[in-house]
Every structure is written in structure tokens, then in C-alpha cells.
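Student:
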Amino acid sequence: MVALTNVITLAIDRAREAADGHFTQHLVRTGPLQQTVIALREGVRLAEHESDVPATIYILRGAIRVDAAEPFVLQSGTLHEMPPQRRSVEAIQDTVLLLTAVPGPGSVEGEDVVHVLPPA
Numbered sequence: 003m004v005a006l007t008n009v010i011t012l013a014i015d016r017a018r019e020a021a022d023g024h025f026t027q028h029l030v031r032t033g034p035l036q037q038t039v040i041a042l043r044e045g046v047r048l049a050e051h052e053s054d055v056p057a058t059i060y061i062l063r064g065a066i067r068v069d070a071a072e073p074f075v076l077q078s079g080t081l082h083e084m085p086p087q088r089r090s091v092e093a094i095q096d097t098v099l100l101l102t103a104v105p106g107p108g109s110v111e112g113e114d115v116v117h118v119l120p121p122a
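Each residue of the sequence shown is one higher than the one before, starting from 3 at the first, in my numbering.
1) In terms of alpha-carbon separation, which member of Asp22, Glu19, Leu35 lies closest to Leu100?
2) Shortest alpha-carbon distance to Val104 belongs to which of Val9, Ala57, Gln95?
3) Give the DSSP-derived three-state secondary structure of Val98 in the structure shown.
4) Can you list, in chain order, the residues of its chain with a C-beta nearer than 6 Å to that of Thr7? Leave out the 5 residues immediately preceding and following it.
5) Here's the rule I'm using: 16 or more other beta-carbon atoms within 10 Å means buried, otherwise exposed. How should Val30 be labelled?
6) Considering only their Cβ atoms, is the gap separating Val91 from Leu48 smaller than 7 Å?
7) On the DSSP bridge assignment, give the partners of Val39 in chain order.
8) Mapping DSSP to helix, strand and coil, what is Ala1?
As C-alpha cells, this is what we get:
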């Protein structure tokens, strides 16, 4: 069992302390299911990437802008299925999100590495 309230507080505190403004913690890695908490300090951008792995993002706190073919903003309390297209993500507030992914059987362990760009 995971107390998300505690995880959210710890994650954003660690992101604020980190030189790159980012903190990641795997919560669930069982079978194909992977759930990861990602905390981003305001202004931090995840590098542009593409994934064909089925995934959702749930914004636990804060807000992000997803730059894709059709950009959109996700705010606290929003659950969104991530489309399989090139995208980057920028925190427009200090943000904690829950990334849920189900890599296929051919996926490599650790393939869900998040690349972070420093604040602009």
C-alpha cells in the first residue's frame, strides 16, 4: 500500500532540492504494469520523446503543458491517455504526476527513463 499524500510531498520536496528540478520514484513494477511518480519544479521540461507504450498521466498536484502536434494543458486532478506521438512536457507550476504504463513483452527493463532539460 502506498500513501500518495506522503509520496507527493516527498517528491516535490526532492524536485525542489535537485539541481535538475526533477525527481522520479517507481511505485509499482509488477508484471507489465509500471506506475511512476514524477515531480517537476516549475519551468522544467522533459525532453521531446515518442513512445508507443500505452500510458496515462494523472496530475496529482500542479499543471503541465504537453507540446505535441496539438498542444494541451493538464491540471491537478486530470487523467489523460497519452497518444503515441512525439511530445515534450513542461511544468507550468511545481507538479507531481503519476505515469502509468504497460510496456509490451519485448520492452527492455528501465526503458521508461525520463530525460530532463534544465529550466529555460
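The beta carbon of each residue, even a glycine, is placed where N, CA and C say it ideally should be.
Tutor: Considering the structure as presented:
1) Leu35
2) Ala57
3) In the three-state reduction of the DSSP assignment, Val98 falls in the strand class.
4) none
5) Taking all protein chains shown into account, Val30 has fewer than 16 neighbouring C-beta atoms within 10 Å of its C-beta and is therefore exposed.
6) yes
7) Beta-bridge pairing links Val39 to Gln27, Leu100.
8) Nothing about residue 1 can be reported from this structure: the residues present for the chain run from 3 to 122 only.
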